[in-house]
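One structure is given here, and the rest of the page talks about it.
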Amino acid sequence: MKRHNAGELPLSSAPAPAGDGIKRVTEKEEAEDKMDKYDKGRIRCSRLCFLFALAATVTILARHCYEAGLGRGGNAGVVRIEAAHGPPPPPSLHRDRKIAPIARREPPVSDRSPSAPADAVDDASWKASASESAQPDDGDKKPTKEKGSSPSASHGNKYGGHPFARALAAADNKDDLCGGQYIYVQELPARFNKDMVQKCDSLSPWTDMCRYTTNGGFGPLLRGGKGAFQGTGTGWYDTDEPALDIIFHERVKRYECLTDDPSLAAAVFVPFYAGLDVARHLWGTNVSARDELALDLAGLLAARPEWRAMGGRDHFFVAGRATWDFRREAGGQSGWGSKLLNLPAARNMTALVVEASPWHLNDVAVPYPTAFHPASDEDLFFWQDRVRALNRTYLFSLAGVARPGDAKSIEGHLVDQCKASPASCALMECSTTAGPDNKCESPAAVMRLFQSSTFCLLPRGGTDTRRAAFDAVLAGCIPVFFHPSSAYVQYSWFLPRSHTDYSVYIPEEDVRRNASVEERLRKVSPEVVRTMRDTVVGLIPSVTYSDTTSRLETTVKDAFDIAVAAMINRVTKLRRGIAEGRPEEEKQERYSWKYPLLAEGQKVEDPHEWDPLFN
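The sequence shown maps to residues 1 to 615 in UniProt numbering.
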C-alpha cells in the first residue's frame, strides 16, 4: 500500500451534498483531527524504532566485547595465533618445489583463552600475580588480565587436581589454536640476562663480545664474503655461539603462544644467560663468583609457585656453551666451570646446550648457531638450491690443526693425509689461538672451503662437538664423523636416527691405524652421494636459527621451532603419565647417550657397537 503524506490524504471518498455546509465543515474538522493523530502516531513509531535500533547496536557491541574476552576477563594475556605443525618440506629443486603450507586448524568460534576450573589447582599460590616476582626485565613484561571461563574448564576434572590439569585440558581443546603449546616465561631480575648485555665489555677477557650481542645475538651483518654468500643478500651475520643465550630468548619473545598464566603453560622458559654468565669467570680462580648467579637462580625459582607445580621438571633454559662448563663438582673449590647443572634444582630442569653429556639426563644438545639467519622462506630455498647445484672441486676438505698434546685427537693424522693428497683434499689449517689471523674463525672462509668439497672431515677438537659440523651442513657438504659423540648421540631432536642417510662414519681407531680416508670416501658411489647430499641440504632448515623479526608466514621449522616442540613433548609425556597413574620410566644416567638410539623393543642393556666408547 502506498504511504501518503498528510496533505495528500483525501477528506472524503465521495462529494458532499449541496447545501450541507455545516456537515462538510464538521467532516473536515474530523479529518484534520484524524491526521493530527496519524502524525503523532508516526512520530511515536519512529522514536520506538530508533530505540529498538539503539538497543540492538548495544547488544551487538556487548556480545563482541564478550567474545573478545573483555566481557568476563577471558584471560586475554595470551598471544594467540595459528600454531604450526608438520615436518619441513622434502628437499627438491626449486623449479620443481611444491611447498605444502604447515597444517593449520580452523579459527575457533571464540577468541578467549582457557581459564581455570575451580578444582584444577591444588595450590592457591598458583594465582600469584606478576607483581609478586622479582623485578623483571622490562622487555619480558606481558599484560595480565582477569581470567574468565572457557570450554577447557569442562576437561579439568579429567586430569584430577594436578597443578598442570589446565595445561593438559588446553591441549585437548580443539578450538584453542595454542592448546598444548603455551610457553610461560619466568620473570627474572635483569641481572640474570639484560644487565649482561648492557655490560658486554665484561663478558670475555680477550674477545669483544659487544659486537656479538648486537642484532639480537646474531652479531654484525656480513656482506660480500668473496662469493661465499652469493645471491642471498642479507641474512649472514658474524655469529658467536655463546650468543645463543640471547638468540633463543629473542625468539621466545616472539613465540606465537606465550601466556602470562603459568597453569596453562606446556613448559616454562627460564631466560637465564648461563653461558654468558659463566664465561665471565671461567678463567678466574674465584669459584664463588662462578656460582653466584647459579645459586641465586636456584633459590629464586624454588620459591615460585610455578616451580612447585612439578619441582621444576617443566622448566628449561638455554646456554650457548658445552655442558662441561656447568658441571664442576658441587663441593669442589677447584676445577673447570660452575656447578650449575649439578645443583639439585638444576637437575630437575632441562638445559639446552650446544654439547650435552653422554652420561646425564638433564641436558639436551641443540645446534650451534651458524652465520646464516634467513629472514624469509625464499632466502632459505634459494640457498638450498645454490649449494645443491655447486660444482665441487675437491673430494674432501678439512679445517683443523694438529694437537700433539692431546692424546685423543686424530686431527694430526688427518692433516697429514690431507697434505699427502692435495688434488683431493682442501686444507685450511687453523690457529690454536683466537684472532683475525685465524681463518677458521672467518664464516666466509669456512663457507668457501666447505662449498668446494663433497665431504667435510669433522674430527673431535677441544670438545666432542664443533660448530664446523653445522657449517658443513649449511654448505651442502656431507659430514664425515669419527666419533658418535660428535653428532649421533647429541642432536637426536634435529638429525635423522639413521646416520648413514646423511653422513659417513670412520672410527677414530681406523685413522690411528693409518686407514686411508680418501680410499673410504671414493668407495661411496655417485648415486649414494647425490642421495646423501639431498638429505644434507634438506637438513639446513632444522639446524638454522632464522631471523623472524619480519617474517609473517613460514612453511618450514627451524632449530628453535624443533627445540621448543620437542621440549613441550618431553614435558607433556611426563605430565600425562602422572595424570594417568602410569609409573615413570626409570632411566639410567650412564646410558643417556643410548636412549635416543633404541629401536622398538630394544632395551638399554642390550649390546651396542658403541658401548666401548662410552663405558
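For each residue, glycine too, the CB sits at the ideal point set by N, CA and C.
Count the other CB atoms within 10 Å of the CB of residue i; is the residue buried (16 or more) or exposed (fewer)?
i, result
"Gly224", "exposed"
"Ala120", "Model confidence at Ala120 stands at a pLDDT of 34, short of 50, so the residue's coordinates are unreliable; what they give is reported in the following sentence. Counting Cβ neighbours within 10 Å, Ala120 comes out buried, since at least 16 surround it."
"Ser338", "buried"
"Arg328", "buried"
"Pro583", "exposed"
"Gly311", "exposed"
"Pro443", "buried"
"Glu586", "exposed"
"Pro173", "Looking at the sequence shown, residue 173 is not Pro but Asn. Asn173 should be labelled buried."
"residue 619", "Residue 619 lies beyond the range of the chain shown here (1 to 615); nothing can be said about it."
"Val318", "buried"
"Ala118", "Residue placement at Ala118 cannot be trusted, given a pLDDT of 32 that sits under 50; the coordinates are not used to answer."
"Trp236", "buried"
"Glu605", "exposed"
"Thr285", "exposed"
"Gly462", "exposed"
"Glu187", "buried"
"Ala420", "exposed"
"Glu600", "exposed"
"Ser288", "exposed"
"Ala563", "buried"
"Thr239", "buried"
"Gly227", "exposed"
"Val473", "buried"
Since residue i sits in a beta bridge, which residues does DSSP pair it with?
i, result
"Phe269", "Val185 and Phe316"
"Ala365", "Val353"
"residue 619", "Lying outside 1 to 615, the shown extent of the chain, residue 619 is not represented and no answer is given."
"Leu258", "Ile183"
"Phe614", "According to DSSP, which records beta bridges pairwise, Phe614 is partnered with nothing at all."
"Ala322", "Glu355"
"Leu221", "Tyr237"
"Tyr212", "Tyr212 pairs with nothing; no bridge assigned."
"Tyr505", "Phe481"
On the three-state DSSP scale, how would you describe residue i?
i, result
"Met428", "strand"
"Trp359", "coil"
"Met35", "Residue placement at Met35 is poorly supported in this model, since its pLDDT is 49, which falls under 50; the coordinates still yield a value, given next. Reduced to three states, the DSSP call for Met35 is helix."
"Trp307", "helix"
"Arg386", "helix"
"Trp236", "strand"
"Tyr545", "coil"
"Leu168", "helix"
"Phe381", "helix"
"Val489", "coil"
"Phe372", "strand"
"Asp195", "helix"
"Gly581", "coil"
"Glu329", "coil"
"Ile540", "coil"
"Gly160", "coil"
"His608", "coil"
"Glu519", "helix"
"Glu600", "coil"
"Gln417", "helix"
"Val511", "helix"
"Cys200", "helix"
"Arg497", "coil"
"Ile247", "helix"
"Arg280", "coil"
"Val524", "coil"
"Pro242", "helix"
"Asp291", "helix"
"Gly337", "coil"
"Ala228", "coil"
Residue i and residue j look like a contact to me (Cβ under 8 Å); what is the Cβ gap, rounded to whole Å?
i, j, result
"Ala371", "Leu222", "6 Å"
"Pro374", "Ser546", "5 Å"
"Phe316", "Leu293", "Not really, about 17 Å apart at Cβ, beyond 8 Å."
"Ile410", "Arg520", "Contact doesn't hold; Cβ gap of about 14 Å is too wide."
"Pro496", "Tyr502", "6 Å"
"Val596", "Ser485", "With the sequence shown as reference, residue 596 is identified as Pro, and Val is not the correct amino acid for it. Between Ser485 and Pro596 the Cβ distance is about 12 Å, and since that is not below 8 Å, they are no contact."
"Ser202", "Arg280", "6 Å"
"Ser263", "Pro163", "7 Å"
"Asn362", "Ala346", "7 Å"
"Ile246", "Thr207", "Not quite, the Cβ-Cβ distance comes to about 15 Å (not below 8 Å), so this is no contact."
"Met447", "Ala468", "Not really, about 11 Å apart at Cβ, beyond 8 Å."
Give a yes or no on whether the minimum CB-CB distance between residue i and chain B is below 8 Å.
i, result
"Val353", "No chain B is present in this structure, which holds just one protein chain."
Query raised in the report: Can you list the alpha helix (DSSP H) stretches of 4 or more residues lying completely in the segment 422-482, in chain order?
Result: Listed in chain order, they are 443-451 and 468-474.
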